[in-house]
Amino acid sequence: MKHIQIVDGIDLNEAYSYLNTPEAGAINFFVGTVRNNAHGKAVKKLVFEAYEPMAIKELEKLANLAMEIWPVSKLLLLHIVGEKEIGEPVVVVGIASPHRDTAFEACRFLIDELKKTVPIWKKEFYEDGSIWVNAHP
Amino acid sequence: MKVKLFGITREIVGDNHLMVPENQYIHTVGELKDWLFEQHPRLADLNSLAVAVDHTYAENHTELAVGQEVALIPPVSGG
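Protein sequence lines correspond, in order, to chains A and B. Heads up, the first sequence is in our numbering, so the first residue is 1002 and it goes up one at a time. Heads up, the second sequence is in our numbering, so the first residue is 745 and it goes up one at a time.
If you want it as structure tokens, here you go:
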């Protein structure tokens, strides 16, 4: 069972409630949050943009792959769009599985691959300007 | 042909899409990218520029057809 969604905000209690399931003895989360610095500069806020239908399709591909590799009971992938302040969650990868090793491994795989292929873009805002992350050499 | 734009490509072009004139000889993704780099040279400065056709990453040799959804995918930075 899996749930994949592009959202405006993330509620971690809801995420936990979704993943909690009797056959799973392990729930592992990765939560990505807005850090207050990048490239030695203070970050004020982030803005995320997604090509939503394609982002969902790419996330589905990764989820299906993870569920082929590991015995996953439940899988949750949430990514926000819009403006977020320092400390706010922007991405959640959650895995419920019978044992912890697979939950850790599947989580790591999903967040690493998400960053490579899913069409979502992050703009960092500083005191003196802004950049689209990874856009330029 | 309409091309959807996101992130930095939207800012470079100044709109959330662009139209490729029908009189242009553009039949593949590679030809589309060459034309775009001529029209908007700053697109060539990006770390990478992928093209999605119907929500799937396309190759340079992928042929373009009427009715497809085409989008530019600048370097992603989710998570």
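Idealized CB from N, CA, C, for every residue including glycine. Keep in mind the model is a prediction, meaning the values are calculated, not measured.
- Taking Phe781 (chain B) as the centre and dropping the five residues before and after it, the same chain places the C-beta of Leu787, Ala788 closer than 8 Å to its C-beta, in chain order.
- Between Trp1071 (chain A) and Glu1106 (chain A), the C-beta spacing is below 9 Å.
- Contact holds between the region 1070–1089 of chain A and the region 1041–1058 of chain A, because three or more Cβ pairs, one in each stretch, are under 8 Å apart.
- Residues of chain A with a Cβ closer than 8 Å to the Cβ of Gly751 (chain B) are, in chain order, Glu1050, Trp1122, Lys1124, Trp1133, Ala1136.
- When the five nearest sequence neighbours on each side are left out, the beta carbons in the same chain lying within less than 8 Å of the beta carbon of Ile1112 (chain A) are those of Phe1031, Gly1033, Val1092, Val1094, in order along the chain.
- Burial state of Asn1029 (chain A) is buried, judged by a 10 Å Cβ sphere holding 16 or more other Cβ atoms.
- Ala1056 (chain A) has a beta carbon lying within less than 9 Å of a beta carbon in chain B.
- DSSP, reduced to helix, strand and coil, places Glu1089 (chain A) outside both helices and strands of the structure shown, so it counts as coil.
- DSSP lists B:Val747 as the bridge partner or partners of Leu762 (chain B).
- Remark: C-beta atoms of Leu762 (chain B) and Lys777 (chain B) do not approach each other more closely than 9 Å.
- Take the alpha-carbon of Val757 (chain B) and the one of Gly1026 (chain A): they are about 50 Å apart.
- Per the DSSP secondary-structure output, Gly1130 (chain A) pairs in a beta bridge with A:Tyr1127.
- Residues of chain A with a Cβ closer than 7 Å to the Cβ of Asp789 (chain B) are, in chain order, His1137.
- Per DSSP, Asn804 (chain B) has no beta bridge partner at all.
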